[in-house]
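Engineer: Numbering (our numbering), first residue to last: 28 to 588.
Got a structure here, written out as structure tokens. Questions coming.
Here's what the structure looks like:
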């Protein structure tokens, strides 16, 4: 098989294959609600400058008046598909699979559509179907000869604090580039993903960034790089608005897989480097957008990855297989779907809503058993799977995600979501919780923690804490406060109260894990009179044209110091 054919085959298989990381959860570990970093210093305010791109109330350049839409397509473009793409706000293309040209990208961009180009950063696509021995014969893969590298932490360590992002040389030998990994078997050779047949990489290694930046489709690498995707004058000079970062799950927690997993990964120590990579990418291309595919574990405070999440640098996060899976045997895995909806989604929404947050995209797959005819339904040629696809769309929309549905090869261009979504939002946000004490599997929905949860006195002010509400549109939180108890019967509109939009800062203790008495959001109201009692109430309001606001009556009193 010729080299180009091998790479093309790999890329196709990578979209048809099952999820690379199989979930493995030791029964004795409360994975969702435990505190893996107990005793660490709590940081409640950002120590780095807040970005002014991405989802940030008052600074985000996305329109809240109409729900954003997106399309993802990995196939070859033609005039009809280009016209279809131009109706979306965001379009994700695969430059290699689609053999994309600059002219095609710029034609789509002419309508105001933002175009993002695919690039894998947790695996080296150049090594597709190569053996370690073949890699040694090619200077592109030997680099400085200090790799492969391994976890530098003592065995059994879970914390990522103080980890050397470059790791240690493999105890079985080196000779390869520094960014290859050897944690699965310590044999002195780069670990290979057996599903995609590519070498895993250390995302945070600066030498790997340089490789990714300089690759070209038409050069010897036969894979597009960052510079080619984002610039106007390098390689094909595609001039995209941003990049779609794939294979971030290489840095997933070790507990996600074990020795019985087909695709075992033991590279969680590289997780600290993902933030470094995104920072370098944003610094190198400050005007370009970054979409993080998967890697949702970075936004779960029950995991050590949380303290090293790249939130401030990414503009979008994609939740792939949020409900409908790409497997042709089942529509979805009930355990995974319930986990996504009732554990991960509230925590992801909490991070998306911060001042340096992002927009969440979700992706469903029209695969599943043949009896549902999901692909025909997606193209409006059948109604057999209509209820299934509508459920997939509605589940995503209730969390406020931008949704799209495609097939396993990501080549079905369609308008299903645009055609079936409700254009007007007339429903108020619904409270949920980042803490779920469900002991069943599949998981049940958490008990909602409605409105204000804590009010703590500070000098001349009060710190308030609250959880998360979800809506098909973005949500902001309004604080009402006054010096007398609320009278909901005689003042239902709260006209006597002062009103302030809250800033979603990280709640005290939240970075150490979720739990009772721990909340994802907090803000401090200053300028209050010391010694005087105030009454506080928080309501969630969506950012639709109707500005729907729920009407909970939970309030707390507090007296500033």
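C-beta atoms are modelled at their ideal positions from N, C-alpha and C, and glycine is treated no differently.
Which residue marks the beginning of the alpha helix (DSSP H) containing residue 123, and which one marks its end?
Structural biologist: Segment: none, residue 123 is in no alpha helix (DSSP H) and carries neither H nor E.
Engineer: Can you check which of these residues, 374, 396, 183, 544, is closest to residue 326 by C-alpha distance?
Structural biologist: 374
Engineer: At which residues does the beta strand (DSSP E) containing residue 563 begin and terminate?
Structural biologist: That run of the beta strand (DSSP E) goes 561 to 569.
Engineer: Hey, how far is the Cα of residue 189 from the Cα of residue 142?
Structural biologist: 37 Å
Engineer: Go through its chain and collect everything with a Cβ distance to residue 578's Cβ below 6 Å, but skip five positions before and after it.
Structural biologist: none
Engineer: Can residue 275 and residue 267 be called in contact, C-beta distance under 8 Å?
Structural biologist: no
Engineer: In the structure shown, what three-state DSSP assignment does residue 225 receive?
Structural biologist: strand
Engineer: I believe residue 479 touches residue 491 by the beta-carbon criterion, under 8 Å. Please report the beta-carbon distance rounded to the nearest angstrom.
Structural biologist: 6 Å
Engineer: Look at the Cβ atom of residue 531, then the Cβ atom of residue 382, and state whether they are nearer than 8 Å.
Structural biologist: yes
Engineer: Just verifying my parser: in three-state terms, what is the DSSP assignment at residue 376?
Structural biologist: helix
Engineer: Taking C-alpha atoms, which residue in 552, 320, 533 lies nearest to residue 334?
Structural biologist: Among 552, 320, 533, the Cα nearest to that of residue 334 belongs to 533.
Engineer: Whose C-alpha, out of 229, 483, 115, is nearest the C-alpha of residue 277?
Structural biologist: 229
Engineer: To which residues of the same chain is residue 332 closer than 6 Å at the C-beta, ignoring the five residues directly before and after it?
Structural biologist: Answer for residue 332: 298, 324, 325, listed in chain order.
Engineer: Give a yes or no on contact between the stretch 549 to 564 and the stretch 400 to 415, applying the rule of three or more CB pairs nearer than 8 Å.
Structural biologist: no
Engineer: Specify, as a first and last residue, the run of the beta strand (DSSP E) that residue 583 falls within.
Structural biologist: 582 to 585
Engineer: If we ignore side chains and look at the alpha-carbon of each, how far apart do residue 166 and residue 246 end up?
Structural biologist: 15 Å
Engineer: Compute the Euclidean distance between the alpha carbons of residue 157 and residue 249, then round it to the nearest angstrom.
Structural biologist: 14 Å
Engineer: Can you find the residues in the same chain that come closer than 6 Å, C-beta to C-beta, to residue 181, ignoring five residues on each side of it along the sequence?
Structural biologist: none
Engineer: Does the stretch 434 to 447 touch the stretch 504 to 524, meaning 3 or more C-beta pairs lie closer than 8 Å?
Structural biologist: no
Engineer: Going by DSSP, what residue range makes up the alpha helix (DSSP H) through residue 447?
Structural biologist: 443 to 447
Engineer: Could you check the C-alpha separation between residue 96 and residue 115 for me, to the nearest Å?
Structural biologist: Each residue's alpha carbon lies about 6 Å from the other.
Engineer: Among residues of its own chain, excluding the 5 on either side of residue 496, which ones have a beta-carbon nearer than 8 Å to its beta-carbon?
Structural biologist: 456, 457, 458, 459, 502, 504, 567, 577
Engineer: Does the contact criterion of 3 or more C-beta pairs under 8 Å hold for the stretch 350 to 362 versus the stretch 303 to 317?
Structural biologist: The stretch 350 to 362 vs the stretch 303 to 317: no contact.
Engineer: Just tell me which of 518, 385, 369, 380 has its CA closest to the CA of residue 466.
Structural biologist: 369
Engineer: Taking one C-beta from the stretch 286 to 302 and one from the stretch 199 to 214 each time, how about it: are there three or more such pairs within less than 8 Å?
Structural biologist: yes
Engineer: Residues in its own chain within less than 7 Å of residue 360 by CB, not counting five upstream and five downstream?
Structural biologist: 352
Engineer: According to DSSP, simplified to helix, strand and coil, what is residue 159?
Structural biologist: helix
Engineer: Does the stretch 169 to 186 come close enough to the stretch 137 to 156 that 3 or more CB-CB pairs lie under 8 Å?
Structural biologist: They do not touch, by the three-pair rule.
Engineer: Look at the alpha carbon of residue 547 and the alpha carbon of residue 164, and state the distance between them as a whole number of angstroms.
Structural biologist: 51 Å
Engineer: What residues in its chain sit with their C-beta under 7 Å from that of residue 191, if we drop five residues either side in the sequence?
Structural biologist: 179
Engineer: Look up residue 385 in the DSSP assignment and say whether it is helix, strand or coil.
Structural biologist: Reduced to three states, the DSSP call for residue 385 is coil.
Engineer: In the DSSP assignment, what are the bridge partners of residue 316?
Structural biologist: Beta-bridge pairing links residue 316 to 269.
Engineer: Taking 8 Å as the cut-off, decide whether the C-beta atoms of residue 434 and residue 396 are in contact.
Structural biologist: No, they are not a contact pair.
Engineer: Could you tell me the alpha carbon to alpha carbon distance between residue 123 and residue 204, rounded to whole angstroms?
Structural biologist: For residue 123 and residue 204, the distance between alpha carbons rounds to 24 Å.
Engineer: Please state the DSSP three-state secondary structure of residue 401.
Structural biologist: helix
Engineer: Mind checking which residues open and close the alpha helix (DSSP H) that includes residue 548?
Structural biologist: Here residue 548 belongs to no alpha helix (DSSP H); instead the beta strand (DSSP E) covers 548 to 553.
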